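For reference, the structure is listed below as structure tokens.
There are 2 protein chains.
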Amino acid sequence: MGLVVQKYGGSSVADAEGIKRVAKRIVDAKKNGHQVVVVVSAMGDTTDELIDLAEQVSPIPAGREFDMLLTAGERISMALLAMAIKNLGHEAQSFTGSQAGVITDSVHNKARIIDVTPGRIRTALDEGNIAIVAGFQGVSQDKKDITTLGRGGSDTTAVALAAALDAEVCEIYTDVDGVFTADPRVVKKAKKIDWISFEDMLELAASGSKVLLHRCVEYARRYNIPIHVRSSFSGLQGTWVSNEPQGDRKVEQAIISGVAHDTSEAKITVVGVPDKPGEAAAIFRAVADAEINIDMIVQNVSAASTGLTDISFTLPKAEGRKAIDALEKAKTAIGFDSLRYDDQIGKISLVGAGMKTNPGVTADFFRALSDAGVNIELISTSEIRISVVTRADDVNEAVRAVHTAFGLDSDSDEAVVYGGTGR
Amino acid sequence: MGLVVQKYGGSSVADAEGIKRVAKRIVDAKKNGHQVVVVVSAMGDTTDELIDLAEQVSPIPAGREFDMLLTAGERISMALLAMAIKNLGHEAQSFTGSQAGVITDSVHNKARIIDVTPGRIRTALDEGNIAIVAGFQGVSQDKKDITTLGRGGSDTTAVALAAALDAEVCEIYTDVDGVFTADPRVVKKAKKIDWISFEDMLELAASGSKVLLHRCVEYARRYNIPIHVRSSFSGLQGTWVSNEPQGDRKVEQAIISGVAHDTSEAKITVVGVPDKPGEAAAIFRAVADAEINIDMIVQNVSAASTGLTDISFTLPKAEGRKAIDALEKAKTAIGFDSLRYDDQIGKISLVGAGMKTNPGVTADFFRALSDAGVNIELISTSEIRISVVTRADDVNEAVRAVHTAFGLDSDSDEAVVYGGTGR
Numbered sequence: 001m002g003l004v005v006q007k008y009g010g011s012s013v014a015d016a017e018g019i020k021r022v023a024k025r026i027v028d029a030k031k032n033g034h035q036v037v038v039v040v041s042a043m044g045d046t047t048d049e050l051i052d053l054a055e056q057v058s059p060i061p062a063g064r065e066f067d068m069l070l071t072a073g074e075r076i077s078m079a080l081l082a083m084a085i086k087n088l089g090h091e092a093q094s095f096t097g098s099q100a101g102v103i104t105d106s107v108h109n110k111a112r113i114i115d116v117t118p119g120r121i122r123t124a125l126d127e128g129n130i131a132i133v134a135g136f137q138g139v140s141q142d143k144k145d146i147t148t149l150g151r152g153g154s155d156t157t158a159v160a161l162a163a164a165l166d167a168e169v170c171e172i173y174t175d176v177d178g179v180f181t182a183d184p185r186v187v188k189k190a191k192k193i194d195w196i197s198f199e200d201m202l203e204l205a206a207s208g209s210k211v212l213l214h215r216c217v218e219y220a221r222r223y224n225i226p227i228h229v230r231s232s233f234s235g236l237q238g239t240w241v242s243n244e245p246q247g248d249r250k251v252e253q254a255i256i257s258g259v260a261h262d263t264s265e266a267k268i269t270v271v272g273v274p275d276k277p278g279e280a281a282a283i284f285r286a287v288a289d290a291e292i293n294i295d296m297i298v299q300n301v302s303a304a305s306t307g308l309t310d311i312s313f314t315l316p317k318a319e320g321r322k323a324i325d326a327l328e329k330a331k332t333a334i335g336f337d338s339l340r341y342d343d344q345i346g347k348i349s350l351v352g353a354g355m356k357t358n359p360g361v362t363a364d365f366f367r368a369l370s371d372a373g374v375n376i377e378l379i380s381t382s383e384i385r386i387s388v389v390t391r392a393d394d395v396n397e398a399v400r401a402v403h404t405a406f407g408l409d410s411d412s413d414e415a416v417v418y419g420g421t422g423r
Numbered sequence: 001m002g003l004v005v006q007k008y009g010g011s012s013v014a015d016a017e018g019i020k021r022v023a024k025r026i027v028d029a030k031k032n033g034h035q036v037v038v039v040v041s042a043m044g045d046t047t048d049e050l051i052d053l054a055e056q057v058s059p060i061p062a063g064r065e066f067d068m069l070l071t072a073g074e075r076i077s078m079a080l081l082a083m084a085i086k087n088l089g090h091e092a093q094s095f096t097g098s099q100a101g102v103i104t105d106s107v108h109n110k111a112r113i114i115d116v117t118p119g120r121i122r123t124a125l126d127e128g129n130i131a132i133v134a135g136f137q138g139v140s141q142d143k144k145d146i147t148t149l150g151r152g153g154s155d156t157t158a159v160a161l162a163a164a165l166d167a168e169v170c171e172i173y174t175d176v177d178g179v180f181t182a183d184p185r186v187v188k189k190a191k192k193i194d195w196i197s198f199e200d201m202l203e204l205a206a207s208g209s210k211v212l213l214h215r216c217v218e219y220a221r222r223y224n225i226p227i228h229v230r231s232s233f234s235g236l237q238g239t240w241v242s243n244e245p246q247g248d249r250k251v252e253q254a255i256i257s258g259v260a261h262d263t264s265e266a267k268i269t270v271v272g273v274p275d276k277p278g279e280a281a282a283i284f285r286a287v288a289d290a291e292i293n294i295d296m297i298v299q300n301v302s303a304a305s306t307g308l309t310d311i312s313f314t315l316p317k318a319e320g321r322k323a324i325d326a327l328e329k330a331k332t333a334i335g336f337d338s339l340r341y342d343d344q345i346g347k348i349s350l351v352g353a354g355m356k357t358n359p360g361v362t363a364d365f366f367r368a369l370s371d372a373g374v375n376i377e378l379i380s381t382s383e384i385r386i387s388v389v390t391r392a393d394d395v396n397e398a399v400r401a402v403h404t405a406f407g408l409d410s411d412s413d414e415a416v417v418y419g420g421t422g423r
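In the order they appear, the protein sequences are chains A and B. Counting from 1, one number per residue, gives the positions in the first sequence under full-length UniProt numbering. Counting from 1, one number per residue, gives the positions in the second sequence under full-length UniProt numbering.
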């Protein structure tokens with residue numbers, strides 16, 4: 001039996017009862033002969049309460065101090081969890097991100113892990129302890145300041161520690177049973193996925209699936225650390241994310257892994273752009289200089305009569321104002337007519353490695369949307385994903401229609417089978 | 001203008017408004033040309049709330065993890081305070097005890113500071129920052145674990161940093177105006193003391209005065225750091241504690257500094273102890289082995305007829321049960337008749353360096369108690385203090401009577417003057 005890293009989110013340790021329940025689960029893993037490292041998030045709403053306090057004392061909290069503040073949350077949950085484990089008669093020690101050797105860059109509030117040196121964790125394990133580590137936090141390499149990794153950072157902490165400690169598996173415990181073929185709140189017949197490849201999981205995460213964040217999956221793929229996403233409440237097998245299905249279990253790769261959707265984006269259309277080299281570059285340079293991440297980009301065919309074209313792109317709604325401001329400022333230099341802003345859009349994505357070798361997926365996708373009366377506004381594709389932008393109001397209906405059309409509904413007899421190669 | 005260390009207690013930073021008020025006061029000190037280091041406690045009831053959480057997950061919280069938990073409180077208050085200062089347009093950086101170089105021994109929950117290496121604080125100050133330091137916490141020298149200094153530890157942090165940074169003064173901000181000649185809740189006419197020597201302050205602290213803890217005053221005396229105890233609400237001059245009165249201010253040393261009282265102790269009487277060498281040693285060895293601190297000890301004269309004597313001592317009520325158990329266990333070995341436990345006692349202490357050179361203080365003290373109808377059960381003295389034990393019910397009346405008798409009441413024309421030497 002090897003080393004297991006377990007990560008518990010805030011909803012799993014929301015109160016004293018939750019902490020005691022999680023402690024029992026951890027002790028069970030230890031009793032089964034594993035060395036156990038646990039990464040824990042802040043209890044329930046702690047982080048939001050701390051953010052609220054910060055806003056009361058300062059409208060624009062400073063990065064360094066904000067990170068110092070937020071990291072108090074994990075400090076509380078990890079110490080309580082260690083106490084609860086000791087109360088069950090097992091040895092446990094808690095470690096801050098800094099003590100655990102989580103070294104990051106200096107970008108406060110969204111630092112990136114650049115190294116993990118878990119010497120103290122290794123020592124604690126060798127002495128028979130269960131090691132409890134604060135998620136979401138690290139220490140900057142140059143200034144030795146406390147940093148945080150941004151939303152979902154605890155998952156990344158867990159995967160990074162699993163990689164540094166050469167763990168068998170990184171178990172991500174959450175309040176759902178695993179990764180589903182679609183958001184179960186929208187699609188009642190969504191099925192739990194038993195196994196999914198890193199690649200498909202990356203595309204799902206990038207397309208709006210919230211269970212695992214993109215950065216965490218990317219880290220796991222790079223170091224080939226199997227992730228097991230499962231419920232801290234049920235104890236059932238969840239979803240394995242890895243290169244290959246685990247051990248003896250026969251899990252065939254599905255042609256289509258799932259349908260993701262995202263209504264957190266807005267669309268900006270730059271109208272009347274001269275159709276000449278350098279125009280698109282100028283537009284996206286202005287947006288990039290404002291530190292805005294964009295998602296899809298579509299340029300329409302130029303109208304021959306005017307020599308003008310329109311360029312549309314999508315971006316997080318929260319950054320809409322900033323992008324409009326940046327583009328307005330560069331309007332004369334770039335030379336476009338006007339801007340259109342639309343935050344009533346939604347994105348539906350179909351993800352599956354099977355697309356590469358199965359023709360007709362795209363056609364069936366568009367057919368399903370058409371049959372559901374959903375109009376497509378933008379299209380973008382990767383090798384294993386098709387995404388479309390529709391009206392926000394149409395998203396739920398569209399997801400259900402596509403989920404059914406591809407045989408993903410849980411009472412379907414059989415998933416759709418494609419023959420031949422190419423899409 | 002030199003370096004000032006300011007310490008703010010939990011009641012001064014109990015909410016966002018308090019933090020903003022304190023931030024203004026800190027910025028004022030900076031504007032006056034000082035380099036400013038601030039030591040801050042956890043907000044209001046935070047520590048009690050964390051203790052409550054710990055008790056919910058484990059009846060006997062482990063030392064190391066308990067310290068990890070409690071130190072989250074100061075992490076929150078210090079980060080918020082730094083943000084509030086930055087919001088006023090001044091630079092501030094917060095530091096944990098570990099980052100500030102507060103090195104302690106490894107006794108969790110009541111660690112002692114063994115070194116202070118404030119390199120990062122010095123750098124922050126040199127770069128023009130106000131440095132905010134978490135009180136009450138440090139890092140153990142051998143294991144690099146987080147430790148806490150016990151109740152009142154933030155005051156000790158402040159004095160220790162003031163010593164290490166060679167500060168002009170250590171300002172202790174609290175919710176009262178300074179040190180008084182008696183507890184103002186008991187004695188309405190108690191006066192604020194403008195200046196008091198380290199020695200008298202040590203005796204007051206040891207006798208029940210709660211404003212400054214004994215350990216903090218002792219540290220300040222050892223390194224000769226003047227302490228200025230003052231209100232974070234009023235901004236008035238408070239009480240200076242030092243070797244000599246500060247600067248030009250003419251403050252004469254009072255003959256009597258104040259009257260302290262303490263109702264937190266209990267009395268144990270060991271009845272029927274054989275009056276022979278080694279008996280007292282055996283009794284107090286048994287108590288010491290149970291790690292109980294005792295205060296006063298009185299042995300009555302042996303009754304000639306029986307050759308037996310009684311030995312009484314006082315100790316914190318909280319440790320009464322433990323002491324009784326330890327003595328019962330050693331009963332046969334020691335050879336006494338029985339134990340009497342009494343937790344309805346109170347201690348009244350009169351403190352003042354003037355006692356050394358003024359005869360009659362003791363007589364006047366006992367006369368005042370007698371006139372108030374207060375019966376004395378035990379007496380103990382030091383060079384500059386007389387303490388008596390009475391019934392708990394008599395304590396408040398006794399304190400008021402002694403305060404008046406020694407001319408300490410605020411509307412007295414003059415304090416009592418003694419002539420001659422010796423007591």
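Built from N, CA and C at the ideal position, the CB exists for glycine as well. Everything numeric in this text was worked out from a predicted model, so none of it was measured.
Cβ neighbour criterion (16 or more within 10 Å) applied to residue i
| i | result |
| --- | --- |
| P59(B) | exposed |
| A111(B) | buried |
| G152(A) | buried |
| N358(B) | buried |
| T123(B) | exposed |
Chain B contact for residue i (CB, 8 Å cutoff)
| i | result |
| --- | --- |
| A333(A) | no |
| L80(A) | yes |
| A14(A) | no |
| S154(A) | no |
C-alpha gap between residue i and residue j, whole angstroms
| i | j | result |
| --- | --- | --- |
| S154(A) | S41(B) | 28 Å |
| M201(A) | V187(A) | 19 Å |
| residue 424(B) | I324(B) | Any property of residue 424(B) remains undetermined from this structure, which presents chain B solely from 1 to 423. |
| L70(A) | G44(A) | 13 Å |
| P245(A) | L315(A) | 35 Å |
| I26(A) | G10(B) | 36 Å |
| I132(A) | T46(B) | 23 Å |
| T269(A) | T381(A) | 19 Å |
| I376(A) | I51(B) | 57 Å |
Cutoff 8 Å: residue i Cβ touching any chain A Cβ
| i | result |
| --- | --- |
| L149(B) | no |
| V38(B) | no |
| E65(B) | yes |
| A167(B) | no |
| A111(B) | no |
Residue i beta carbon near the ligand MN (any heavy atom closer than 7 Å)
| i | result |
| --- | --- |
| K356(A) | The ligand MN is not among the ligands present in this structure, which contains no ligands whatsoever. |
Other residues of its chain near residue i: CB distance less than 6 Å, five sequence neighbours each side excluded
| i | result |
| --- | --- |
| D343(A) | A266 and K317 |
| D105(B) | A111, R112 and I114 |
| I379(B) | V388 |
| V5(B) | V37, A158, L161, A162, A167 and C170 |
Cβ-based neighbour list, residue i, same chain, cut-off 8 Å, excluding 5 preceding and 5 following
| i | result |
| --- | --- |
| S207(B) | A260, H261, D262, K347, S349, V351, R385 and S387 |
CB contact flag (residue i, residue j, <8 Å)
| i | j | result |
| --- | --- | --- |
| A282(B) | K322(B) | no |
| D275(B) | G238(B) | no |
| residue 510(A) | S234(A) | It is not possible to answer for residue 510(A), since the shown part of chain A is limited to 1 through 423. |
| I121(A) | A23(A) | no |
| P226(B) | L161(B) | no |
| V241(B) | V217(B) | yes |
| D175(A) | S231(A) | yes |
| I19(A) | A72(B) | no |
| M68(A) | A16(B) | no |
Beta-carbon proximity list for residue i, same chain, < 7 Å, skipping 5 on both sides
| i | result |
| --- | --- |
| A398(B) | I348, L369, A372, V374 and T390 |
Residue i: contacting residues in chain E (beta-carbon distance under 8 Å)
| i | result |
| --- | --- |
| L69(B) | No chain E appears in the structure shown, which is made up of the protein chains A and B. |
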